[in-house]
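One structure is given below, encoded as structure tokens.
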DNA sequence: CGACAGAGTCGAAGCGCTTCGACAACCTAT
DNA sequence: ATAGGTTGTCGAAGCGCTTCGACTCTGTCG
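Residue numbers (the numbering used here), protein chains in the order written: chain R, 1 to 337; chain D, 1 to 337.
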């Protein structure tokens, strides 16, 4: 293993000079800099991470806490995680992958040990038990998702309230009056996951304003669960002509079942989905949808975090405005029978 | 920040004693151990990761290199990544998430800096450019996936060759003679990704042995791509009655299209999928499938790696035997017309 | 009863890096 | 010419931990 000292000797300078060449914290003459860089190349030197962390009190690692559960939206989570890892690298950070398993203890462990300089938390609940810890430490953090109380926190999220409103508006504009919402799995609501509840709020309040009837049903996803849910919906609200789907794994089942029941999309029934574009365009009907901007969320989270680490950032809530793309799954409501 | 020295002082012992309590590398009397543990509790002490890494030359971090691309099987990747992170924690390791982006440089960086003690690589190509580096370093590593030459490497994977064979056997046993394989996206084959090619080999050689006609077509996934592919298949081999699908995002499109064409599953056409159980059970037809044991692969990879780190492990290739679960998508071949 | 083996503890020497203060050499403005 | 500033470099002091050798007790065996 090559050390700083060896590089210094090889270049004929002191260790501290090499260090300053590396960090750029003091000015170095052209000649010296080049000689040192040459030696680094030739010896294949890599600074030792542990020593650097110890001496500088900075690990250059960002911890990313992903949810352990798999009842929710896995592809999006993965996309965010990869976006986080990729943008972190461009800022000189590596990413430590923590699962939700340890819960608050993981926060304590990482904070206490100096393993990471900062954290990004995903899968935030409205009243998340990790939040008090984050508020109580001086370690910078960013949430992907929105808790109930954001004071003293930095958050990034799609504006799910506006997303819900947007879906309803689109359907209302097309003349739909009875709208069913196929939501996430019940467990997601039981945990009070921020995005699910906020979407629902947006859907509800805008429906009220527009005078629409809204029926919300959580759904596990998959054909069997969707079949049961759909039957109940039409049982309770036979005039339903608009659907908003938030559970990715319910999308295809819904389309299949509607087809099977002889309800044409979009002639008889319109469907709006909240899902990544890839899902919307690969479904059996090209779906009108509000995209979940996973990449953007990951990138923004890292950038806010880096700003905080560099001392510039401040607490703020960054809500990404939803965009609805009209595709082939929505159309005018059928004439009232 | 609480340090070892403060704990030592609080407990009235020397720093080294506290260290030995923590590591258990020397015997400590009951009384002392309890006093120290008490102090650790009271002060909320967490060992500093950097200092520990520097002194012990062990970071207790495993690097996990995931593919950056998203043209392949994202949910499985995520499941493996989470399984790796979870089992790593049970062995006292944290996981550093590296994307494939940096390629071989990431290996060099991590190895050189002592950031991680070991690596797990996913998305291995048959002739992966990272392999020479792994062979040339003394840093332990495990591949999830199988390259062409496994000498000097430790690998974990589903036995995709046997998987292919198993699928074909199942269909052959039911009397199918003309079988179409809906494969991964073309790009996956162009990269010579191990698992895709091995599955194909298994399918082909067993088909030959059993005297079946096999037609392989890569497919991007999604309805449109699947529609084109399917049309070509029936064009070229009108008597096709058996399908093997390896691309998760082609599964539902295939089922939908077959239905649309009036081909009943499993009466007219049988379908075997290679996919996680969740997909198989949530599809519109409950699919006969060979499961991809993501959890098991992740866990095994970590266990092999930990064994190597502890000095016990040896190079070996661990192939997990495939298991085919019969569900509702396969049945006897229809009588020949 | 003296020698000897553990068991239990401590002190000190690093691990490889960053960073602070010091200093020499040079330049500028009086 | 002199005081004062810049620029570039160095030495040394840690950062918080692990680990080695040394030391002091006990208890045990011939």
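Note that CB positions come from ideal geometry on N, CA and C, so glycine has one too.
Q.
Let's test the definition: count the other Cβ atoms within 10 Å of the Cβ of residue 59 of chain D and tell me whether it reaches 16, buried, or not, exposed.
A. buried
(Q) Tell me the rounded alpha-carbon separation between residue 197 of chain R and residue 147 of chain D. (A) 46 Å
Q. Are at least three pairs of beta-carbons, each pair with one atom in the region 200-207 of chain R and one in the region 224-238 of chain R, less than 8 Å apart?
A. Judged by pairs of C-beta atoms under 8 Å, the region 200-207 of chain R does not touch the region 224-238 of chain R, as fewer than three such pairs exist.
Q) residue 47 of chain R touches chain D at which residues, Cβ-Cβ below 9 Å? A) 112, 113
Q) Beta-carbon of residue 229 of chain D versus every beta-carbon of chain R: anything under 8 Å? A) Look at residue 229 of chain D: its C-beta is not under 8 Å from any C-beta on chain R.
Q) If you check the beta carbons only, do residue 143 of chain D and residue 158 of chain D fall under 8 Å apart? A) Cβ distance not < 8 Å, so residue 143 of chain D and residue 158 of chain D don't count as in contact.
Q | residue 312 of chain R (DSSP reduced to helix, strand or coil) | A | coil
Q. Using a beta-carbon distance below 8 Å, is residue 316 of chain D in contact with chain R?
A. no
Q. Ends of the beta strand (DSSP E) at residue 132 of chain R?
A. Segment 131-136 is the alpha helix (DSSP H) holding residue 132 of chain R; no beta strand (DSSP E) there.
Q. For residue 140 of chain R, does the count of other Cβ atoms within 10 angstroms reach 16, so buried, or fall short, so exposed?
A. buried
(Q) Please report the distance separating the alpha-carbon of residue 294 of chain D from that of residue 64 of chain D. (A) 15 Å
Q.
Only counting the same chain, and skipping five residues up and downstream in sequence, which positions put a Cβ closer than 7 Å to that of residue 338 of chain R?
A. Because residue 338 of chain R is not part of the residues shown, which for chain R are 1 to 337, the question remains open.
Q: May I have a chain-ordered list of the alpha helix (DSSP H) segments no shorter than 4 residues that lie completely inside the region 102-157 of chain D?
A: 104-113, 131-136
Q: Kindly say whether residue 253 of chain R, judged by its beta-carbon, lies nearer than 8 Å to any beta-carbon of chain D.
A: yes
Q: At 4 residues or longer, and completely inside the region 256-286 of chain D: list those alpha helix (DSSP H) runs for me, N to C.
A: 277-282
Q: With a floor of 4 residues, list each alpha helix (DSSP H) that falls wholly inside the region 216-262 of chain D, ordered by position along the chain.
A: 223-236, 248-260
Q | residue 208 of chain D classed as buried or exposed, judged by whether at least 16 other C-beta atoms fall within 10 angstroms | A | exposed
Q: Give the C-beta separation of residue 254 of chain R and residue 179 of chain R to the nearest angstrom, bearing in mind that I take them to be a contact with Cβ-Cβ under 8 Å.
A: The pair is not a contact, with the Cβ atoms about 14 Å apart (cut-off 8 Å).
(Q) Contact defined as beta carbons within less than 8 Å: I believe residue 270 of chain R pairs with residue 331 of chain R. What is the distance between those atoms, to the nearest angstrom? (A) Residue 270 of chain R to residue 331 of chain R, Cβ: 6 Å. Contact.
**Q.** residue 7 of chain R: contacting residues in chain D (beta-carbon distance under 9 Å)
**A.** Going along chain D, no residue has its Cβ under 9 Å from residue 7 of chain R, so there is no contact; the nearest lies around 13 Å.
Q.
For residue 116 of chain R and residue 188 of chain R, what's the separation of their Cα atoms in angstroms?
A. 29 Å
(Q) I'd like to check one pair, residue 194 of chain D with residue 126 of chain D: are the Cβ atoms closer than 8 Å? (A) yes
Q. Does DSSP classify residue 210 of chain D as helix, strand or coil?
A. helix
Q | residue 114 of chain D vs residue 81 of chain R beta-carbon contact at 8 Å | A | no
Q) Applying the criterion that 16 or more other CB atoms from any shown protein chain within 10 Å of the CB defines a buried residue, is residue 75 of chain R buried or exposed? A) buried
Q) With distances taken between CB atoms, is the gap from residue 356 of chain R to residue 84 of chain R smaller than 8 Å? A) Outside the displayed range of chain R (1 to 337) lies residue 356 of chain R, so it cannot be described from this structure.
**Q.** Beta-bridge pairing of residue 65 of chain R - partner residues as DSSP gives them
**A.** According to DSSP, which records beta bridges pairwise, residue 65 of chain R is partnered with R/98, R/121.
Q) Nearest CA to the CA of residue 88 of chain D: which residue from D/302, D/317, D/313? A) Measuring C-alpha to C-alpha distances from residue 88 of chain D to each of D/302, D/317, D/313 identifies D/302 as the nearest.
(Q) Strictly below 8 Å CB to CB, what residues from chain D border residue 245 of chain R? (A) Simply none; closest approach about 15 Å.
Q.
Counting only C-beta atoms, is residue 256 of chain D closer than 8 Å to chain R at any point?
A. Yes, contact with chain R.
Q.
Cβ closer than 8 Å: which chain R residues qualify as neighbours of residue 101 of chain D?
A. 86, 89
**Q.** For residue 32 of chain D, three-class secondary structure by DSSP
**A.** If DSSP states are grouped into helix, strand and coil, residue 32 of chain D belongs with the helices.
Q. If you measure from the beta carbon of residue 264 of chain R to each beta carbon in chain D, is any gap under 8 Å?
A. no
Q. Residue 123 of chain D versus chain R: which residues are under 9 Å apart at the beta carbon?
A. For the C-beta of residue 123 of chain D, not a single chain R residue is nearer than 9 Å; the gap to the nearest is close to 12 Å.
Q: Have a look at R/67, R/174, R/131 and flag the residue whose alpha-carbon is nearest the alpha-carbon of residue 241 of chain R.
A: R/174
Q.
In this structure, how does DSSP classify residue 336 of chain R when only helix, strand and coil are distinguished?
A. coil
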